[in-house]
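Trainee: Take a look at this one; I'll ask things after.
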Amino acid sequence: MATDNKIELHIPSIIGFEKVAMETAASVAKEMGFTDDRIEDLKTAVSEACLNAIEHGNKMDTSTKVGITLTVEESKLQVTVQDEGKGIGQIDLPQIENKIEGKEKTRGWGIFLIKNLMNEVKFESGPEGGNVVKMIIHLKKEPPA
Amino acid sequence: MNKNIEISISDKGGVSIITIKGDVTAITGSAIEAAYEKVSSAGVKKILLYFDKEGYINSGGIAVLIGIASESRKKEQVIRITGLSDHFQKIFYMVGLTKYTELFPSEDLALKDF
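Line by line, the protein sequences are chains V and X.
The first sequence begins at 46 in this note's numbering and counts up one residue at a time.
The second sequence begins at 3 in this note's numbering and counts up one residue at a time.
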């Protein structure tokens, strides 16, 4: 469904369906003229946001959905991923040294990747509950520093 | 919905090559772990992980690879990696996996002087 400059989709809370969101975001980004490397960055960020929503937000409850909204603007693409769960609380940034030494679980890289691959990221609560991740990728040649 | 993963193990000059075709996720990663355990139990000290350029690796898959890197240090093994797309080479560098495993642009270069 496209309304003006928005594309919206809903995916089941089933691992694997994040790929639908990834490929949709990639198609939109390609149409906008993003470079291949930035499209790959976007795909990974969208995948991670959807996986977090499926696993941690919605707890893989198949009665829930993950909503993805892509908003096309002249110089940027915003992707919003929303789940139906409760807040996930503060997430500490992962340190590989701690994980290699067994001091931390090896998982926990999703938010790290999103923050490092996108130009802007915001974490919010939805108006009717749920977690919302807003990611913005700028239509520029240079990736984020 | 998850693409199946295909794992094969071969040997070249004392190096165990674990070839990975498909998506690397928390779910499919168990197959990589099983292959790693198999070569480790045979006492192999040099391992090459050969990825599929078209494959997708998510954070769950990265966690599996970090677990393997962690185990390899305890077992005094050396792990080299090849076959990654430019994007995933960047991801591996970003998370710090390249501090513990070296990336190579080809199998030949990965096996050279190993």
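The beta carbon of each residue, even a glycine, is placed where N, CA and C say it ideally should be.
By Cβ distance below 8 Å, which residues in the same chain neighbour F106 of chain X in space, the five residues on each side in sequence not counted?
Mentor: In the second sequence, counting from the first residue as 1, residue 106 of chain X sits at position 104. If we look at F106 of chain X and ignore the five residues flanking it on each side, its Cβ neighbours are R82, I83, T84, A112.
Trainee: Do you know whose CA, among X:A37, X:G31, X:E78, lies nearest K47 of chain X's CA?
Mentor: Along the second sequence, read from residue 1 onward, the residue named residue 47 of chain X stands at position 45. With distances taken between Cα atoms, K47 of chain X lies closest to X:E78.
Trainee: Check whether chain V comes within 8 Å of S42 of chain X, counting only Cβ atoms and requiring the distance to be less than that.
Mentor: Here residue 42 of chain X is taken as the residue at index 40 of the second sequence, counted from 1. No, no contact with chain V.
Trainee: By the DSSP assignment, the beta strand (DSSP E) with E165 of chain V in it spans what residues?
Mentor: The sequence position of residue 165 of chain V within the first sequence is 120, counting from 1. Element bounds for E165 of chain V: 165-170.
Trainee: Are the beta-carbon atoms of V91 of chain V and I99 of chain V separated by less than 8 Å?
Mentor: As a working mapping, residue 91 of chain V is identified with position 46 in the first sequence. As a working mapping, residue 99 of chain V is identified with position 54 in the first sequence. Not a contact, by the Cβ cut-off of 8 Å.
Trainee: Beta carbon of L158 of chain V, beta carbon of T89 of chain V: below 8 Å?
Mentor: Translated into the one-based positions of the first sequence, residue 158 of chain V becomes position 113. Translated into the one-based positions of the first sequence, residue 89 of chain V becomes position 44. Cβ distance < 8 Å, so L158 of chain V and T89 of chain V count as in contact.
Trainee: Anything in chain X within Cβ reach of E85 of chain V, meaning under 7 Å, just list it in chain order.
Mentor: Within the first sequence, numbered from 1, the residue matching residue 85 of chain V stands at position 40. Here the neighbours are H89.
Trainee: Which runs of the beta strand (DSSP E), 3 residues or longer, sit entirely within the segment 62-92 of chain X?
Mentor: 80-84
Trainee: Name the two residues that bound the continuous beta strand (DSSP E) containing V111 of chain V.
Mentor: Counted from its first residue, the first sequence places residue 111 of chain V at position 66. Counting along the chain, the beta strand (DSSP E) containing V111 of chain V begins and ends at 110-117.
Trainee: So is V58 of chain V in contact with chain X if we call contact Cβ pairs under 8 Å?
Mentor: Within the first sequence, residue 58 of chain V is the residue found at index 13, counting from 1. Reading off the sequence, residue 58 of chain V comes out as Ser, not Val. No, S58 of chain V lies away from the interface with chain X (no Cβ there is under 8 Å from its Cβ).
Trainee: Using a Cβ-Cβ distance cut-off of 8 Å, determine whether R82 of chain X contacts chain V.
Mentor: Within the second sequence, residue 82 of chain X is the residue found at index 80, counting from 1. No, R82 of chain X does not count as interfacial toward chain V.
Trainee: What did DSSP end up calling I29 of chain X once you bin it into helix, strand or coil?
Mentor: To locate residue 29 of chain X, count along the second sequence from 1; it is residue 27. Coil, per DSSP.
Trainee: Going by C-alpha distance, which of X:G57, X:E8, X:I19 is nearest A33 of chain X?
Mentor: Here residue 33 of chain X refers to the residue found at position 31 when the second sequence is read from its first residue. That would be X:E8, whose Cα lies nearest to the Cα of A33 of chain X.
Trainee: Is there at least one Cβ from chain V nearer than 8 Å to V26 of chain X's Cβ?
Mentor: Counting from one through the second sequence, the residue named residue 26 of chain X turns up at place 24. No, V26 of chain X does not count as interfacial toward chain V.
Trainee: Could you give the distance in angstroms between the alpha-carbon of M46 of chain V and the alpha-carbon of S72 of chain X?
Mentor: Stepping through the first sequence from its first residue, residue 46 of chain V is reached at position 1. Stepping through the second sequence from its first residue, residue 72 of chain X is reached at position 70. Residue confidence for M46 of chain V is low, a pLDDT of 49 falling below 50, so the modelled location carries little weight and cannot support an answer.
Trainee: Apply the 10 Å Cβ neighbour rule to L138 of chain V and answer buried if 16 or more other Cβ atoms are within range, or exposed otherwise.
Mentor: Along the first sequence, one-based indexing puts residue 138 of chain V at 93. L138 of chain V comes out exposed.
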